[in-house]
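Novice: The following block contains the structure, expressed as structure tokens.
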DNA sequence: CTGTAACTGGACCGATTGGTCTAGTGCCGT
DNA sequence: ACGGCACTAGACCAATCGGTCCAGTTACAG
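Residue numbers (this note's numbering), protein chains in the order written: chain A, 31 to 219; chain B, 31 to 219.
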């Protein structure tokens with residue numbers, strides 16, 4: 031059940047990773063501190079040492095970490111590609127594989143960690159900032175492939191929305207097929 | 031805060047509507063029975079009389095009711111339209127208005143009610159069935175406007191994913207603009 | 001070795017959770 | 001008038017929630 035959540039990693043990182051995994055599957059309110067600390071093999075004291083505000087601090091850290099992973103995945107997919115569509119295809123296949131590995135239960139890690147529970151501005155602004163990061167990254171890629179500014183922006187937003195919708199539909203269907211088909215939806219004539 | 035949640039409506043319907051509203055904003059696990067019963071002005075006994083399995087029964091009823099509302103909204107938008115794009119524009123503007131009225135905090139009612147908490151098959155199958163209903167409805171509309179079968183299906187799935195992504199992005203940004211722009215994303219060349 | 005600060009371990013807390021149960025209430029048909 | 005049933009009302013429960021607190025341990029600086 032656990033990957034590298036065992037001792038080699040420092041406690042703080044184990045907490046972040048466990049939180050990211052659990053929030054992603056069950057949502058912020060669906061995860062109790064007990065499950066979380068159990069999976070991270072950490073006591074309560076450590077949590078509140080590293081994250082003084084407890085669960086909410088951890089959720090933001092987890093969402094941020096998951097976002098960085100996503101940006102890494104995007105970079106790894108788009109840099110070797112020779113067109114936006116090609117990179118997108120690689121990315122979607124990677125995401126589909128990760129989805130299958132998760133037991134076909136994981137949605138967007140950021141939505142799961144931040145859109146539940148507290149409806150406060152901090153959570154929403156963090157989600158906004160993270161999503162904007164994904165979109166502008168995709169926008170830069172599109173521009174790098176020669177797309178004009180406004181079209182690059184629109185392509186990037188389309189990519190983002192397809193991704194979110196794809197995650198939702200894949201989860202409901204219990205199948206990663208939708209994710210693999212995303213590139214076709216993106217570049218239909 | 032409440033619309034027609036007061037006496038005129040029978041208790042069971044008040045429970046369903048309150049549940050739909052609350053789950054949509056806070057997710058399944060983010061809503062306690064106390065908030066729920068309070069908003070519906072119903073005691074606990076009534077809940078477990080109408081929904082013997084308690085919260086989970088109610089969530090499924092709420093998601094189903096919200097889905098019917100959505101199908102009504104789609105029908106009201108597409109039937110008077112003379113093209114798929116025109117109907118989609120009407121629909122998106124209606125959804126944007128509803129989003130604004132909600133305080134810019136409500137996402138997809140089905141995801142909110144069913145994707146949190148229990149990861150059991152019943153919830154996932156229900157979500158799958160409901161989403162499939164939305165997609166086939168859109169597919170029929172597209173076919174009615176003369177689209178060939180396979181394109182109609184793809185258009186319908188694209189519509190669904192854009193909608194989900196649009197709700198997510200609108201929520202993060204605290205703005206309904208994305209929803210209003212959805213038709214442009216749908217029919218870009 | 002000693003001092004100090006970073007960190008761990010877990011007992012403990014009040015609040016809230018979803019759920020059960022029983023006593024009552026009101027509206028039927030007869 | 002009355003029996004019966006659909007429904008309401010809310011006290012009550014064990015379990016779990018997120019969070020606090022402090023005694024212990026470790027690691028590193030001098």
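Quick reminder that beta carbons are idealized off the backbone N, C-alpha and C, glycines included.
What residues in its chain sit with their C-beta under 6 Å from that of residue 201(A), if we drop five residues either side in the sequence?
Specialist: Counting only Cβ-Cβ distances below 6 Å, and skipping sequence neighbours, we find 137.
Novice: Would you mind telling me which residues of chain A sit closer than 7 Å to residue 202(B), beta carbon to beta carbon, in chain order?
Specialist: Per Cβ cutoff of 7 Å: 154, 157, 158 and 161.
Novice: Enumerated in chain order, which unbroken segments of the beta strand (DSSP E) with a length of 3 residues or greater are wholly contained in the region 141-177 of chain A?
Specialist: With a minimum length of 3 residues, no continuous beta strand (DSSP E) run stays inside the region 141-177 of chain A.
Novice: Under the three-state reduction of DSSP, which class applies to residue 213(B): helix, strand or coil?
Specialist: Residue 213(B) falls in the helix class under three-state DSSP.
Novice: Using the rule of at least 16 other Cβ atoms within 10 Å of the residue's Cβ for burial, across every protein chain shown, is residue 179(B) buried or exposed?
Specialist: So residue 179(B) counts as exposed.
Novice: Determine the DSSP secondary structure at residue 72(A), reduced to helix, strand or coil.
Specialist: If DSSP states are grouped into helix, strand and coil, residue 72(A) belongs with coil.
Novice: Would the region 111-121 of chain A count as touching the region 158-170 of chain B if we require 3 or more Cβ pairs under 8 Å?
Specialist: Taking 8 Å as the limit for Cβ pairs, the verdict is that the region 158-170 of chain B does not touch the region 111-121 of chain A.
Novice: Whose CA, out of 78(A), 85(A) and 73(A), lies closest to the CA of residue 147(A)?
Specialist: The residue with the shortest Cα to Cα distance from residue 147(A) is 85(A).
Novice: Determine, using beta carbons only, whether residue 189(A) and residue 157(A) come nearer to each other than 8 Å.
Specialist: The answer is no: Cβ separation not under 8 Å.
Novice: Is the beta carbon of residue 89(B) sitting closer than 8 Å to the one on residue 45(B)?
Specialist: For residue 89(B) and residue 45(B), no; Cβs fall outside 8 Å.
Novice: Could you give the DSSP three-state label for residue 39(B): helix, strand or coil?
Specialist: Looking at residue 39(B) - three-state DSSP - the assignment turns out to be coil, as it is neither helix nor strand.
Novice: Using a threshold of 8 Å, state whether the C-beta atoms of residue 209(B) and residue 129(B) are closer than that.
Specialist: Cβ distance < 8 Å, so residue 209(B) and residue 129(B) count as in contact.
Novice: Are residue 48(A) and residue 69(A) touching if we call contact CB-CB under 8 Å?
Specialist: Yes, they are a contact pair.
Novice: If distances are taken between C-alpha atoms only, which option among 60(A), 192(A), 58(A) and 183(A) comes closest to residue 166(A)?
Specialist: Nearest C-alpha to residue 166(A): 183(A).
Novice: Return the residues of the region 127-156 of chain A that lie within a Cβ-Cβ distance of less than 8 Å from chain B, sorted by chain order.
Specialist: Those residues of the region 127-156 of chain A that come within reach of chain B (Cβ to Cβ, closer than 8 Å) are 135, 137, 138, 141, 145, 146, 147, 149 and 154.
Novice: According to the Cβ coordinates, are residue 141(A) and residue 198(B) closer than 8 Å?
Specialist: Yes. Within cutoff.
Novice: List, from N- to C-terminal side, the beta strand (DSSP E) runs of 3 residues or more that fit wholly inside the region 83-109 of chain B.
Specialist: The region 83-109 of chain B contains no whole beta strand (DSSP E) run of 3 or more residues.
Novice: Within 8 Å (strictly less), CB to CB, does residue 100(B) reach chain A?
Specialist: No, residue 100(B) does not count as interfacial toward chain A.
Novice: What does the alpha-carbon distance come out to for the pair residue 203(A) and residue 104(A)?
Specialist: Using only the alpha carbons, I get a separation of about 25 Å.
Novice: Between which two residues does the alpha helix (DSSP H) containing residue 126(B) stretch?
Specialist: Taken as a continuous stretch (DSSP letters only), the alpha helix (DSSP H) holding residue 126(B) covers 114-131.
Novice: In three-state DSSP terms, what is residue 61(B)?
Specialist: Correct three-state label for residue 61(B): coil.
Novice: Kindly indicate if chain B contains any beta-carbon less than 8 Å away from that of residue 108(A).
Specialist: No, no contact with chain B.
Novice: Rounded to the nearest angstrom, how far is the Cβ of residue 139(B) from that of residue 53(B), given a contact under 8 Å?
Specialist: Correct: roughly 7 Å between the Cβ atoms.
Novice: Our contact map puts residue 143(A) next to residue 58(A) with C-beta atoms below 8 Å; I'd like the distance itself, whole angstroms only.
Specialist: That belief holds up - the Cβ atoms of residue 143(A) and residue 58(A) are roughly 6 Å apart, short of 8 Å.
Novice: Using the rule of at least 16 other Cβ atoms within 10 Å of the residue's Cβ for burial, across every protein chain shown, is residue 51(A) buried or exposed?
Specialist: Buried is the call here.
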